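For reference, the structure is listed below as structure tokens.
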Amino acid sequence: MKVMIVAGEASGDLYGGHLASKLKLLRPDIDMFGLGGRLMQAAGVRLLFNPTGLSAVGLLEAVRSAAALRGVLGEARRALAAERPSCVVFIDFPEFNMRLAGTAASLGIKSVYLFAPTAWAWRRGRANRVARTVTKVASVFPLEAQVYREAGAHVEFIGHPLLDLVRPATAADRAAARAELGLGSALGSRAPVVGLLPGSRAQEIRLLLPPILEAAARIAGAKPGVAFVLPLAETVPERAVREAVEASGLPIQIVRGRAHECMAAADAIVVASGTATLEATIVGTPMVVVYRVSRSTALIGRLVLRTPYISWPNILAGRRAVPELLQDEANGEAIAHEVLRLLDDASCAGAMVGELARARAALGSPGALERAARLVVEVSVG
1332 MKVMIVAGEA SGDLYGGHLA SKLKLLRPDI DMFGLGGRLM QAAGVRLLFN
1382 PTGLSAVGLL EAVRSAAALR GVLGEARRAL AAERPSCVVF IDFPEFNMRL
1432 AGTAASLGIK SVYLFAPTAW AWRRGRANRV ARTVTKVASV FPLEAQVYRE
1482 AGAHVEFIGH PLLDLVRPAT AADRAAARAE LGLGSALGSR APVVGLLPGS
1532 RAQEIRLLLP PILEAAARIA GAKPGVAFVL PLAETVPERA VREAVEASGL
1582 PIQIVRGRAH ECMAAADAIV VASGTATLEA TIVGTPMVVV YRVSRSTALI
1632 GRLVLRTPYI SWPNILAGRR AVPELLQDEA NGEAIAHEVL RLLDDASCAG
1682 AMVGELARAR AALGSPGALE RAARLVVEVS VG
């Protein structure tokens, strides 16, 4: 059995690596190749190209990224025709993967799409295109499953893979996380901890770190003894962030990775919209979501988005479960105000934790990647 796996971003590489490991357990003789990163390669996937460093955020930025990947798409199409896998697994990476899905369909090669394009949020016509070209959609969100079924796709709801990688934090987990990060003993049990997660892309850091640091200064002024922890994504160069933090003079501890641990340790977090908001939803940490993009991207987004929310807890809840501060609203004063409200008002923080638990329940149950692997085998041999 031969399977091609195509992922173009760090999150896709993470899921692709775990999926490859599950496939190897089910079919030890499997031959896997495709596009992805080091985690997929470590799991036994023969890489044709690593596109994970070319990912972009925003509509115009995504167009530029797609232009850079045209040559890679040609290589992938040639490999698809030459290797003739029994199944192709597409993971997110929509502008690239939707084109490659068309090629696979024209060659009569079966496919599974994991993290299909977010047609429920914008460009709903993409669901129709996926329904025409993809054999099965492995759905991770209930709303996603509904939209793709309405478009005529064959859908199997598997739940969200993050439930296999992240767990809700208990009181013991939170105490252990503080101790591991060196926060508990130094501060005492009553000192608040605030997590700062400005994103995993260079553009996010450039646009979000300054207002987040301004907010941290305001919070420190209102809460003497507060500690901050900033987990750096593997994709973010440390030097520029460290220089900005040191220039601020604030008590901010920078750690590489360990985002889930930092979420568990924190009383509240400031987090860039994206997968990290979903991780924090599962952990159960009160949050303030922030985001900024270029003005042109924001303008286009307002015209095409079909959902009033951009953060996962609010999308899953169908209402404003957590604050979203976007564009000019994502300023130091507004961010600090929302964080201080969570730190000062236990009932407010508790209500948000309850909202997060209800949103988490919509993600299904653990075991999503094992279900996805079984689906890939089923499609391959069926």
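Quick note on our numbering: the sequence shown kicks off at 1332 and runs consecutively. Built from N, CA and C at the ideal position, the CB exists for glycine as well. What you are looking at is a predicted structure, and each value in this text was computed from that prediction instead of being measured.
Whole-angstrom distance between A1374 and G1405, CA atom to CA atom: Taking the first residue of the sequence shown as 1, we reach residue 1405 at position 74. Taking the first residue of the sequence shown as 1, we reach residue 1374 at position 43. Straight-line measurement puts the Cα of A1374 at about 25 angstroms from the Cα of G1405.
Between P1499 and G1615, which are expected to be in contact by the criterion C-beta below 8 angstroms, what is the C-beta distance as a whole number of angstroms? Here residue 1499 refers to the residue found at position 168 when the sequence shown is read from its first residue. Here residue 1615 refers to the residue found at position 284 when the sequence shown is read from its first residue. Beta-carbon to beta-carbon, P1499 and G1615 are separated by about 5 angstroms, close enough to satisfy the 8 angstroms threshold.
Three-state secondary structure assigned by DSSP to G1519: By 1-based counting over the sequence shown, the position of residue 1519 is 188. With a pLDDT of only 49 at G1519, under 50, the local geometry of the prediction cannot be trusted, and the value read off the model is given with reservation. Residue state, collapsed to three classes: coil.
Given R1623 as reference, the closest of I1536, A1558 and A1482 once Cα atoms are compared: Locating residue 1623 in the sequence shown gives position 292, where the first residue counts as 1. Residue I1536 is the option with its Cα nearest to R1623.
For E1340, count the other beta carbons within 10 Å of its own beta carbon; 16 or more makes it buried, fewer makes it exposed. Which is it? To locate residue 1340, count along the sequence shown from 1; it is residue 9. Flag for E1340 reads buried.
Rounded to the nearest angstrom, how far is the Cβ of G1490 from that of A1690, given a contact under 8 angstroms? By 1-based counting over the sequence shown, the position of residue 1490 is 159. By 1-based counting over the sequence shown, the position of residue 1690 is 359. At roughly 14 angstroms, the Cβ-Cβ gap does not stay under 8 angstroms, so G1490 and A1690 are not in contact.
Out of S1437, R1457 and R1358, state which residue places its alpha-carbon closest to the alpha-carbon of D1423. For this step, residue 1423 is matched to residue 92 along the sequence shown. Among S1437, R1457 and R1358, the Cα nearest to that of D1423 is on R1457.
V1334 and L1366 closer than 7 angstroms at C-beta: On the sequence shown, residue 1334 is found 3 positions in, with the first residue counted as 1. On the sequence shown, residue 1366 is found 35 positions in, with the first residue counted as 1. Contact flag unset, no.
Which one of A1546, R1480 and F1488 has the shortest CA to CA distance from N1459? Within the sequence shown, residue 1459 is the residue found at index 128, counting from 1. Closest by alpha carbon: R1480.
Alpha carbons only, please: which of L1609, D1360, A1551 and M1332 is nearest the one belonging to P1492? Taking the sequence shown and counting its residues from 1, one reaches residue 1492 at position 161. Closest option to P1492, Cα to Cα, is L1609.
Would you decide whether D1360 is buried or exposed? Buried here means 16 or more other CB atoms lie within 10 Å of its CB. Here the question's residue 1360 lines up with position 29 in the sequence shown. Exposed, since its Cβ has fewer than 16 Cβ neighbours within 10 Å.
Do you know how far the Cα of G1530 is from the Cα of S1686? Taking the first residue of the sequence shown as position 1, residue 1686 is located at position 355. Taking the first residue of the sequence shown as position 1, residue 1530 is located at position 199. The sequence given here places Glu at residue 1686; Ser does not occur at that position. Roughly 23 angstroms separates the two Cα atoms.
Taking the beta strand (DSSP E) that F1472 falls in, what are its first and last residues? Translated into positions along the sequence shown, residue 1472 becomes position 141. No beta strand (DSSP E) contains F1472, which DSSP labels as neither H nor E.
What are the residues that DSSP puts in a beta bridge with L1657? Along the sequence shown, one-based indexing puts residue 1657 at 326. According to DSSP, L1657 bridges with Y1622.
How about K1353 and A1652: are their beta carbons less than 7 angstroms apart? Reading the sequence shown from its first residue, position 22 is the one you call residue 1353. Reading the sequence shown from its first residue, position 321 is the one you call residue 1652. It is not a contact, given that the beta carbons lie outside the stated cut-off.
With DSSP as the reference, identify every bridge partner of P1562, one or two as the case may be. By one-based count along the sequence shown, residue 1562 stands at place 231. The partner list for P1562 (beta bridge, DSSP) reads V1586.
Which first and last residues belong to the beta strand (DSSP E) in which E1487 is found? For the purposes of this step, residue 1487 is identified with residue 156 of the sequence shown, where counting begins at 1. Note, E1487: beta strand (DSSP E), V1486 to F1488.
Which first and last residues belong to the alpha helix (DSSP H) in which V1420 is found? Reading the sequence shown from its first residue, position 89 is the one you call residue 1420. Unbroken run through V1420 is the beta strand (DSSP E), C1418 to I1422; no alpha helix (DSSP H).
Residue closest to L1512, alpha-carbon to alpha-carbon, out of F1364, D1675, M1332 and I1583: As a position in the sequence shown, residue 1512 is number 181, starting the count at 1. Comparing Cα positions, the closest option is I1583.
Going by DSSP in three states, K1467 sits in which element: helix, strand or coil? Stepping through the sequence shown from its first residue, residue 1467 is reached at position 136. In the structure shown, K1467 sits in a strand (DSSP, three-state: E or B).
Please report the residue range of the beta strand (DSSP E) in which Y1640 lies. Position 309 of the sequence shown, counted from the start, is the residue given in the question as residue 1640. That residue, Y1640, is in no beta strand (DSSP E); it is neither H nor E in DSSP.
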